[in-house]
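> Under my numbering, the first residue of the sequence shown carries the number 226, and numbering increases by one thereafter.
We put the beta carbon where it would ideally sit given N, CA and C, even for glycine.
Before we start, here is the structure in question, set down as structure tokens.
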Amino acid sequence: MLTIASKLDVMNRLGRAMADPTRSRILMELLSGPGYPAQLADVLQISRTNVSNHLTCLRGCGIVVATPEGRQTRYEIADPHLTQAITLLVDTVLAYDDGVACSGDDCDVPLCCSTSKRSSAEVSL
Numbered sequence: 226m227l228t229i230a231s232k233l234d235v236m237n238r239l240g241r242a243m244a245d246p247t248r249s250r251i252l253m254e255l256l257s258g259p260g261y262p263a264q265l266a267d268v269l270q271i272s273r274t275n276v277s278n279h280l281t282c283l284r285g286c287g288i289v290v291a292t293p294e295g296r297q298t299r300y301e302i303a304d305p306h307l308t309q310a311i312t313l314l315v316d317t318v319l320a321y322d323d324g325v326a327c328s329g330d331d332c333d334v335p336l337c338c339s340t341s342k343r344s345s346a347e348v349s350l
């Protein structure tokens, strides 16, 4: 069973992994399945060296695992539960005001349209 200290360590590792935009882009690609450094570099339009450096960080955080396949190395998210957790995280809608009007009266996203329909006095309460 995870202790509070180990749970904090897990959160810190995830935070470090996702704090960098390039690592986040790599993780988004790996959500759909395993990838190879050259393929990831092509898709993300960054250098192979840059991809390899970020994959090394993700491995060190325990987020991805590497499997040698001949002269190539396949990378994938370390655990299906982690894949599911990251997917749920990126699918979560965060409430923020981007200055764009609501898409419609039938919007069912919590806090999306309801705050834009209230007066500014109500929102500040």
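#1: Could you tell me whether the segment 228 to 240 touches the segment 253 to 269, where touching means 3 or more Cβ pairs closer than 8 Å?
#2: Can you tell which of 242, 331, 245, 261 has the C-alpha that lies nearest to the C-alpha of residue 294?
#3: Can you give me the Cβ contacts of residue 238 inside the same chain, cut-off strictly under 8 Å, excluding the 5 residues immediately before and after it?
#4: In this structure, does DSSP put residue 299 in helix, strand or coil?
#5: Could you pull the DSSP bridge partners for residue 292 from this structure?
#6: DSSP three-state call for residue 287: helix, strand or coil?
#7: Since residue 266 and residue 272 should fall inside the 8 Å C-beta cutoff, what is the C-beta to C-beta distance between them, to a whole number of angstroms?
#8: Can you tell me where the alpha helix (DSSP H) holding residue 272 begins and where it ends?
So, to answer that:
#1: no
#2: 261
#3: 286, 287, 288
#4: strand
#5: 299
#6: coil
#7: 6 Å
#8: Here residue 272 belongs to no alpha helix (DSSP H), and DSSP marks it neither H nor E.
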